[in-house]
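In structure tokens form, the structure reads like this:
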């Protein structure tokens, strides 16, 4: 998994490619991916790979491939009111997206 799905230029390209490959299948997961820019979790000087569907490791910092995160998020059947514990959360990218996914409805309501 990873590598062939996306060689995007930005977060939207990455997500569009993951949707086209059917890794992202629900609106909730798509909105969470769009709300959290993967590039923000990369060190300066390494962001050229942020929007590729590849795992990245630098010292103790590790990000799995985006297709892995999307598969996890889709399998969890996320909805408001759920909670989660992410042991070994690394950079916090997945935890941040999970949080966005389960609070998305509350965020939209606050904008109304």
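Numbering (UniProt numbering), first residue to last: 1 to 112.
Backbone N, C-alpha and C define an ideal beta-carbon position, used for all residues, glycine too.
Close beta carbons around residue i, own chain, < 8 Å, minus the five adjacent residues each side
{"i": "residue 111", "result": "Below a pLDDT of 50, predicted positions are generally treated as unreliable, and residue 111, at 49, falls in that range; the measurement from the model is reported next regardless. Taken in chain order, the list of residues that qualify is empty."}
{"i": "residue 83", "result": "102"}
{"i": "residue 90", "result": "61, 62, 63"}
{"i": "residue 86", "result": "94, 95, 98"}
{"i": "residue 42", "result": "49, 50, 56, 63"}
{"i": "residue 58", "result": "43, 46"}
Residues near residue i in its chain [Cβ-Cβ closer than 6 Å; skip 5 each side]
{"i": "residue 32", "result": "97, 100, 101"}
{"i": "residue 73", "result": "29"}
{"i": "residue 78", "result": "28, 101, 102"}
{"i": "residue 39", "result": "47, 50"}
Coarse secondary structure for residue i, derived from DSSP in three states
{"i": "residue 61", "result": "strand"}
{"i": "residue 77", "result": "coil"}
{"i": "residue 50", "result": "coil"}
{"i": "residue 7", "result": "strand"}
Cβ-Cβ distance between residue i and residue j below 8 Å
{"i": "residue 51", "j": "residue 16", "result": "no"}
{"i": "residue 70", "j": "residue 18", "result": "yes"}
Contacting residues, own chain, Cβ-Cβ under 7 Å from residue i (five flanking each side not counted)
{"i": "residue 92", "result": "none"}
{"i": "residue 10", "result": "51"}
The ligand SAM heavy atom lying under 7 Å from the CB of residue i
{"i": "residue 60", "result": "In terms of ligand content, the structure shown is empty, and the ligand SAM therefore cannot be addressed."}
Query - Segment contact flag, the region 60–80 with the region 12–24, C-beta cutoff 8 Å, min 3 pairs - result: yes
Query raised in the report: For the region 9–37, which segments carrying the alpha helix (DSSP H) assignment without a break, of at least 4 residues, lie completely within its bounds, in sequence order?
Result: 11–20, 27–35
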